[in-house]
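**Q** Residue numbers for the sequence shown follow our numbering, so the first one is 18 and each next one is one higher. Glycine included, every Cβ here is placed at the ideal spot set by N, Cα and C. Handing you a structure now.
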Amino acid sequence: MCTSIRRAMGILTSAAALVVIMPCGAQNSWAQEQGKELRQQIVGAWSLAEQWVEQDGKKTQRFSANPKGISIYEVNGRFASILLRPDLPRIASNNVMTGTVDENKAIVQGSTAFYGRWSVNEQDGSVSAKIDGSTYPNWDGLDQKRTVSISGDEMKLCVPGAQIGGTACAVWKRVK
18 MCTSIRRAMG
28 ILTSAAALVV
38 IMPCGAQNSW
48 AQEQGKELRQ
58 QIVGAWSLAE
68 QWVEQDGKKT
78 QRFSANPKGI
88 SIYEVNGRFA
98 SILLRPDLPR
108 IASNNVMTGT
118 VDENKAIVQG
128 STAFYGRWSV
138 NEQDGSVSAK
148 IDGSTYPNWD
158 GLDQKRTVSI
168 SGDEMKLCVP
178 GAQIGGTACA
188 VWKRVK
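If you want it as structure tokens, here you go:
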């Protein structure tokens, strides 16, 4: 298996483990109150409801119509996110290191995990995500600016000028 796929699988496995051990029940209900700063509204855990890329008027759902994922924003400015297709193939050998080319390709193309530091620009309503590590190594070290809107327990993040072209958007639901 090539080194980049092994690295991606290792990061994905680590991100999945992080999601399992994070205290998802410890949400900040105070952040949902009216009048709170955007930063306070974002803190917590969010479940992926929808993700798409819009380019030339066409909407493409990379992770299917029913994606899986979680994004956790901590008050200390750290975050971790994982986005998955719900139909990722199981590795027939039951060994992450011996997946077939087709299995590994489907898994890498059907998942993204990344982590780093986040900050908010309250004036323009944007979030900056400084990516420390990702299953897509080209993102490592990047500072991605995202537009954000929050309504109740729903948050929409969009990345204009995404590397894959167009605008990438995700809708997240607050985990309770």
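#1: Using three-state DSSP, classify R102 as helix, strand or coil.
#2: Would you check if there are 3 or more beta carbon pairs closer than 8 angstroms linking the region 96 to 106 to the region 122 to 136?
#3: Pull up the CB-CB distance for W282 and W156, whole angstroms please, since I reckon it's below 8 angstroms.
#4: Would I59 be called buried (16 or more neighbouring beta carbons within 10 Å of its own) or exposed?
#5: Would S46 be called buried (16 or more neighbouring beta carbons within 10 Å of its own) or exposed?
#6: Determine which residues share a DSSP beta bridge with K122 and list them.
#7: Give the DSSP-derived three-state secondary structure of T115 in the structure shown.
#8: Less than 8 angstroms between the CB atoms is what I'm expecting for G142 and V70, so what's the real figure, rounded?
#9: Counting along the chain, where does the beta strand (DSSP E) carrying I167 start and finish?
#10: Out of Q140, V144, V113, Q180, point me to the one whose CA is closest to Y153's CA.
#11: Identify, in the order they occur along the chain, each residue of the same chain with its Cβ nearer than 6 angstroms to the Cβ of K173, setting aside the five sequence neighbours on each side.
#12: Which value, in whole angstroms, describes the spacing of the CA atoms of P84 and Y90?
#13: Which residues bound the alpha helix (DSSP H) around Q72?
**A** Inspection of the coordinates gives the following:
#1: The count along the sequence shown starts at 1 and reaches residue 102 at position 85. Here R102 sits in coil by DSSP.
#2: yes
#3: For residue 282 there is no data in the structure shown, the boundaries of the chain being 18 and 193.
#4: Counting from one through the sequence shown, the residue named residue 59 turns up at place 42. Per the 10 Å Cβ criterion, buried.
#5: Within the sequence shown, the letter at position 29 stands for residue 46. Because the pLDDT at S46 is just 37, under 50, the model does not fix this residue reliably, and the value given afterwards should be weighed accordingly. Burial call: exposed.
#6: The residue labelled residue 122 in the question sits at position 105 within the sequence shown. K122 is not bridged to any residue.
#7: Here the question's residue 115 lines up with position 98 in the sequence shown. Helix, per DSSP.
#8: In the sequence shown, counting from the first residue as 1, residue 142 sits at position 125. In the sequence shown, counting from the first residue as 1, residue 70 sits at position 53. With 8 angstroms as the limit, G142 and V70 do not qualify as a contact, their Cβ atoms being about 21 angstroms apart.
#9: In the sequence shown, counting from the first residue as 1, residue 167 sits at position 150. That run of the beta strand (DSSP E) goes 160 to 168.
#10: As a working mapping, residue 153 is identified with position 136 in the sequence shown. Comparing Cα-Cα distances from Y153 to each of Q140, V144, V113, Q180, the minimum goes to Q180.
#11: In the sequence shown, counting from the first residue as 1, residue 173 sits at position 156. Only S166, V188 meet the Cβ criterion.
#12: In the sequence shown, counting from the first residue as 1, residue 84 sits at position 67. In the sequence shown, counting from the first residue as 1, residue 90 sits at position 73. Rounded to the nearest angstrom, the two C-alpha atoms are 19 angstroms apart.
#13: By 1-based counting over the sequence shown, the position of residue 72 is 55. Where Q72 is concerned, there is no enclosing alpha helix (DSSP H), although the beta strand (DSSP E) it sits in stretches over 61 to 72.
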